[in-house]
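Working notes for the structure below.
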Amino acid sequence: LPPVAPRITVLTGAGISTDSGIPDFRGPAGVWTRDPDAEKLFTITNYLADAEIRRRSWLARRSNPAWGAEPNAGHHALVELERRGALRALVTQNIDRLHLRAGSSPELVLELHGNMVEAMCTGCDARSTTEEALARLDAGEDAPRCVDCGAILKTATVMFGESLDAEVLEAAVAAAADCDQFWAVGTTLHVHPAAGLCDVALASGAELIIVNGSETAYDDVAHRVVRDSISLALPLLVDTLPTGR
């Protein structure tokens, strides 16, 4: 019988998108490392309390390099992992939608921190797009409000001080508990509850494989650590797997 591919749940962080030109947050040249004050723009209490913070937050969303970014070899490697029938779920901390643009199936992608493409009302939860909100900003509005109820709008991202979507987190925990291997890719594993998925996987008997350019909080308990450029290392890692289940 041909070898069977393991069932793999993958967790991705900002590091998988750096080769697409999107800086990470806590690396040496990260967004928060270079400008700790920038974090205030994405803290929910500040955002709701201050219209000027909201305006600056929308402008920061507009200048996010993700709008012009293209998926890189790391994203495409995970599409290949799915094609081989080995992907149990793709849990991402990223809001850039590059996994979907690369071709990963939406039903397998769990966006822990939401996405930057959609906008949502903090009052009635009506959905619109970030593009529409930015157009209204350009038309002279200081901080666009919901056209349905007038409450404050925000992007559909999880800000500091907000809880993760319970259903998405529950699905991510289930995927971590139900895999043969858990790959943590491009994340320092310092932010919980995302990092805690490694604990769930280990407790369930899965192998923990870490692919990251720098040290992570879980290196000492990982079965394997690959310290290299993700867009180089991930395709090689996928290539070591059998091609079918």
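Each position in the sequence shown, counted from 1, maps to that position plus 1286 in our numbering.
For each residue, glycine too, the CB sits at the ideal point set by N, CA and C.
Phe1446 has Thr1329 as its beta-bridge partners, per DSSP.
Per DSSP, Thr1474 lies in no beta strand (DSSP E) and is assigned neither H nor E. Within the segment 1350 to 1436, the complete beta strand (DSSP E) segments at least 3 residues long are 1373 to 1378, 1395 to 1397, 1400 to 1407, 1413 to 1415, listed from N- to C-terminus. According to the DSSP assignment, Arg1340 belongs to the alpha helix (DSSP H) that extends over 1337 to 1348. With contacts defined as CB atoms closer than 9 Å, Asn1498 and Gly1472 qualify as a contacting pair. Excluding the 5 residues flanking it on each side, Arg1293 has same chain C-beta neighbours closer than 6 Å at Arg1374, Cys1465, Asp1466, in chain order.
Distance check between Asp1382 and each of Ala1460, Thr1329, Gly1301, Leu1455 places Gly1301 closest, using alpha-carbon atoms only.
Between Ser1517 and the set Thr1304, Thr1443, Leu1488, Ala1291, the nearest pair of CA atoms involves Thr1304. Beta-bridge partners of Leu1523 (DSSP): none assigned.
Where Val1296 is concerned, the enclosing beta strand (DSSP E) starts and stops at 1294 to 1298.
The C-beta distance from Ile1339 to Leu1327 rounds to 6 Å, short enough to meet the 8 Å contact threshold.
Contact annotation: the segment 1404 to 1418 touches the segment 1430 to 1442, with at least three C-beta pairs closer than 8 Å. His1478 is classed as exposed because its beta carbon has fewer than 16 other beta carbons within 10 Å across all chains shown. For Ile1438, the beta-bridge partners assigned by DSSP are Arg1431. Remark: C-beta atoms of Asp1485 and Ile1496 do not approach each other more closely than 9 Å.
Here Val1454 carries a helix assignment [DSSP, helix/strand/coil]. When only Cα atoms are considered, Gly1371 and Val1365 end up about 10 Å apart. Under the DSSP definition of a beta bridge, Leu1494 partners with Phe1468. Around Arg1422, the same chain offers Pro1430 as residues with beta carbons nearer than 7 Å, after the five sequence neighbours per side are excluded. Around the C-beta of Thr1443, 16 or more other C-beta atoms lie within 10 Å, and the residue is accordingly described as buried. The Cβ-Cβ distance between Val1290 and Pro1521 does not fall below 9 Å. Leaving aside the five residues that flank Leu1475 on each side, the residues in its chain whose CB is nearer than 6 Å to its CB run, in chain order, Ala1481, Thr1502, Ala1503, Tyr1504.
Secondary structure at Val1507: helix, using DSSP grouped into helix, strand and coil. Distance check between Gly1389 and each of Arg1369, Gln1379, Ala1508, Gly1354 places Arg1369 closest, using alpha-carbon atoms only.
Rounded to the nearest angstrom, the gap between the Cα atoms of His1385 and Ala1508 is 24 Å.
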